[in-house]
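*Asks:* Positions in the sequence shown are counted from 1; adding 377 to them yields this note's numbering.
For every residue, glycine included, the Cβ atom is placed at its ideal position computed from N, Cα and C.
Just so you know, these numbers come straight off a predicted model, no measurement behind them.
Once you've had a glance at the structure underneath, I'll fire off some questions.
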Amino acid sequence: MKALAGGYARARDVTHALDLLAQADGMGRVLAGGQSLIAAMNMRLSTGDMLVDISRIADLRGVAVEDGCLRIGALTRHADIGTDPLVATHAPLLVQAVHHIAHAAIRNRGTIGGSLAHADPAAEFPACVLALGGTIHLQGPEGVRQVAAEDFFVDVFETAIEEGEILTAITLPLLEAGERHVLIETARRSGDYALAGLCVVKRAAGHRVTAFSVGPRPVLAMAAMERLDAGDTAGAVDALRAEIDPPSDTQASAAYRRHLAGVLLTRALHDLTGETA
Ligand SMILES: Cc1cc2nc3c(=O)[nH]c(=O)nc-3n(C[C@H](O)[C@H](O)[C@H](O)COP(=O)(O)OP(=O)(O)OC[C@H]3O[C@@H](n4cnc5c(N)ncnc54)[C@H](O)[C@@H]3O)c2cc1C
378 MKALAGGYAR ARDVTHALDL LAQADGMGRV LAGGQSLIAA MNMRLSTGDM
428 LVDISRIADL RGVAVEDGCL RIGALTRHAD IGTDPLVATH APLLVQAVHH
478 IAHAAIRNRG TIGGSLAHAD PAAEFPACVL ALGGTIHLQG PEGVRQVAAE
528 DFFVDVFETA IEEGEILTAI TLPLLEAGER HVLIETARRS GDYALAGLCV
578 VKRAAGHRVT AFSVGPRPVL AMAAMERLDA GDTAGAVDAL RAEIDPPSDT
628 QASAAYRRHL AGVLLTRALH DLTGETA
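Right, here's the structure in full:
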């Protein structure tokens, strides 16, 4: 099937993009890398949208250290995140994630802003940004605002982005001395979406654990984090399995995903300490 769009316009800059969205009578749809949106349009899961192409807005691309944070522009592509030295230094979790995302053609076009805005519960970047305690920067007709990752992911494919807003950037805390990151997942084939996956961040203040592909949105596993901070690994595995609500589908049963999440946590902790599982 062919996509059925309601129109197309390329934005020169963010102000122009916001104007185009405002003129679209609620039918405006941001087009970034197109790797999820065009696929959905081709399947007629999305029709009649006025596409506002932001892909050439240079200000929305790139990585920098600014005001004591790592700032990643929304249009920074997966492949660029995988090779960026600042990301490697301050957010190695994202570099690990890139190796698991789809295949090279998609990583060359897909953007981190698109991945977060799309909010696929099986996607890696949303769980990473949540594990790192990131902030999502939005710009809309009323101005700019920031949303903590904890408040950003609402449901399957649903976020805190309001009508007419654009996700412009993500900021993350800089890596502390001794901080460690592990992303681990199981997929049927390399590049497939995960059956279940985990991010573990270990900081002086404690652990942060997020799980993906185990519910309608990435889960910050508070009970598991508490058990890990208390040094109770077995308790953390039990707590994680209790606090996720995975779906059953053609790929895996809920029971299998719940079991897998616990196995992945054990392996991630071995990776953190450098021991073999
Ligand atoms: C075959 C296949 C396999 C894939 N496998 C994986 C995988 O294993 N893991 C994974 O994480 N992802 C996977 N993806 C998704 C891929 O990572 C996409 O690139 C990403 O989810 C969307 O980024 P995009 O820039 O292409 O966004 P687009 O497709 O352009 O947009 C996606 C959605 O986000 C909105 N949007 C995009 N950018 C913005 C913005 N700046 N502000 C507001 N709204 C915005 C759009 O309006 C649209 O609703 C896969 C995709 C395909 C086709």
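Could I get the ranges of all uninterrupted beta strand (DSSP E) runs contained in the region 551-635, with 3 residues as the minimum, in chain order?
*Replies:* Entirely contained in the region 551-635, the beta strand (DSSP E) runs reaching 3 residues are, in chain order, 557-563, 573-580, 583-589.
*Asks:* Express the C-alpha separation of A525 and D606 in angstroms, rounding to a whole number.
*Replies:* For the purposes of this step, residue 606 is taken as residue 229 along the sequence shown, with counting starting at 1. For the purposes of this step, residue 525 is taken as residue 148 along the sequence shown, with counting starting at 1. Cα-Cα distance, rounded: 23 Å.
*Asks:* Are any of the Cβ atoms in chain C nearer than 8 Å to that of D606?
*Replies:* The structure shown contains no chain C, having only a single protein chain.
*Asks:* Under DSSP, the alpha helix (DSSP H) around T466 begins and ends at which residues?
*Replies:* Residue mapping note: residue 466 aligns to position 89 of the sequence shown, counting from 1. Start and end: 462-467.
*Asks:* So what's F529 in DSSP terms, helix, strand or just coil?
*Replies:* To locate residue 529, count along the sequence shown from 1; it is residue 152. If DSSP states are grouped into helix, strand and coil, F529 belongs with the helices.
*Asks:* Can you give me the Cβ contacts of V596 inside the same chain, cut-off strictly under 6 Å, excluding the 5 residues immediately before and after it?
*Replies:* Counting from 1 along the sequence shown, the entry for residue 596 is found at position 219. These residues qualify, in order along the chain: A588, I621.
*Asks:* Out of E540, D609, A600, D497, state which residue places its alpha-carbon closest to the alpha-carbon of V591.
*Replies:* Locating residue 591 in the sequence shown gives position 214, counting from the first residue. Per the Cα distances, D497.
*Asks:* Say yes only if the C-beta of Q473 is nearer than 7 Å to one or more non-hydrogen atoms of ligand 1, and no if none qualify.
*Replies:* Sequence index remark: in the sequence shown, residue 473 carries index 96 (1-based). Q473: no, Cβ never under 7 Å from ligand 1.
*Asks:* Please confirm whether H455 and R484 have their CB atoms less than 8 Å apart.
*Replies:* Working through the sequence shown from its first residue, we reach residue 455 at position 78. Working through the sequence shown from its first residue, we reach residue 484 at position 107. A contact, by the Cβ cut-off of 8 Å.
*Asks:* Quick check on E501: does DSSP put it in helix, strand or coil?
*Replies:* By one-based count along the sequence shown, residue 501 stands at place 124. E501 falls in the helix class under three-state DSSP.
*Asks:* Touch check for the region 568-579 and the region 528-536: three-plus C-beta pairs under 8 Å?
*Replies:* No: the two stretches stay apart, fewer than three of their Cβ pairs being nearer than 8 Å.
*Asks:* Return helix, strand or coil for R433, following the three-state DSSP convention.
*Replies:* In the sequence shown, counting from the first residue as 1, residue 433 sits at position 56. Residue state, collapsed to three classes: coil.
*Asks:* In whole angstroms, what separates the C-alpha of L414 from that of D615?
*Replies:* Here residue 414 corresponds to residue number 37 of the sequence shown, with the count starting at 1. Here residue 615 corresponds to residue number 238 of the sequence shown, with the count starting at 1. About 37 Å.
*Asks:* What ranges does the beta strand (DSSP E) occupy inside the region 409-433, keeping only unbroken runs of at least 3 residues that lie completely in it?
*Replies:* Qualifying beta strand (DSSP E) stretches, in chain order: 427-430.
*Asks:* Can you tell me which of the three DSSP states Q400 falls into?
*Replies:* If you number the sequence shown from 1, residue 400 lands on position 23. Three-state DSSP puts Q400 in coil, outside helix and strand.
*Asks:* Between the region 401-417 and the region 427-437, do at least 3 Cβ pairs fall closer than 8 Å?
*Replies:* Flag = yes, the region 401-417 and the region 427-437 touch.
*Asks:* Could you give the residue range of the alpha helix (DSSP H) that holds A441?
*Replies:* Walking along the sequence shown from the start, residue 441 turns up at place 64. A441 -> not in any alpha helix (DSSP H); beta strand (DSSP E) instead, spanning 440-443.
*Asks:* Quick check on DSSP: helix, strand or coil for L549?
*Replies:* Here residue 549 corresponds to residue number 172 of the sequence shown, with the count starting at 1. L549 falls in the strand class under three-state DSSP.
*Asks:* To the nearest angstrom, how far is the alpha carbon of T460 from that of I449?
*Replies:* Taking the sequence shown and counting its residues from 1, one reaches residue 460 at position 83. Taking the sequence shown and counting its residues from 1, one reaches residue 449 at position 72. If you take the alpha carbons of T460 and I449, they lie about 13 Å apart.
*Asks:* According to DSSP, is R522 part of a helix, a strand, or is it coil?
*Replies:* Numbered from its first residue, the sequence shown carries residue 522 at position 145. Here R522 sits in strand by DSSP.
*Asks:* Answer yes or no: do Q516 and L398 have a C-beta to C-beta separation smaller than 8 Å?
*Replies:* Taking the first residue of the sequence shown as position 1, residue 516 is located at position 139. Taking the first residue of the sequence shown as position 1, residue 398 is located at position 21. Not closer than 8 Å, so no.
*Asks:* Go ahead and pull the three-state DSSP assignment for T392.
*Replies:* The residue you call residue 392 lines up with position 15 of the sequence shown. In the structure shown, T392 sits in a helix (DSSP, three-state: H, G or I).
*Asks:* Between the alpha carbons of L649 and G608, how many angstroms are there, rounded?
*Replies:* Counted from its first residue, the sequence shown places residue 649 at position 272. Counted from its first residue, the sequence shown places residue 608 at position 231. Whole-angstrom Cα-Cα distance: 14 Å.
*Asks:* Straight-line CA distance for G568 to H477?
*Replies:* For the purposes of this step, residue 568 is taken as residue 191 along the sequence shown, with counting starting at 1. For the purposes of this step, residue 477 is taken as residue 100 along the sequence shown, with counting starting at 1. Distance between the alpha carbons of G568 and H477: 6 Å.
*Asks:* In angstroms, rounded to a whole number, what distance separates the CA positions of Y385 and G487?
*Replies:* On the sequence shown, residue 385 is found 8 positions in, with the first residue counted as 1. On the sequence shown, residue 487 is found 110 positions in, with the first residue counted as 1. Each residue's Cα considered, the two are about 19 Å apart.
*Asks:* For A500, which residues in the same chain have their Cβ closer than 6 Å to its Cβ, ignoring the five residues on either side in sequence?
*Replies:* What you label residue 500 is simply residue 123 of the sequence shown in a count that begins at 1. Excluding residues within five positions, the ones whose Cβ falls inside 6 Å are S492.
*Asks:* For the beta strand (DSSP E) that A493 lies in, which residues bound it at each end?
*Replies:* Residue numbering aside, residue 493 sits at position 116 when the sequence shown is read from its first letter. Correcting the residue type first, residue 493 is Leu in the shown sequence and not Ala. No beta strand (DSSP E) contains L493, which is instead part of the alpha helix (DSSP H) from 489-495.
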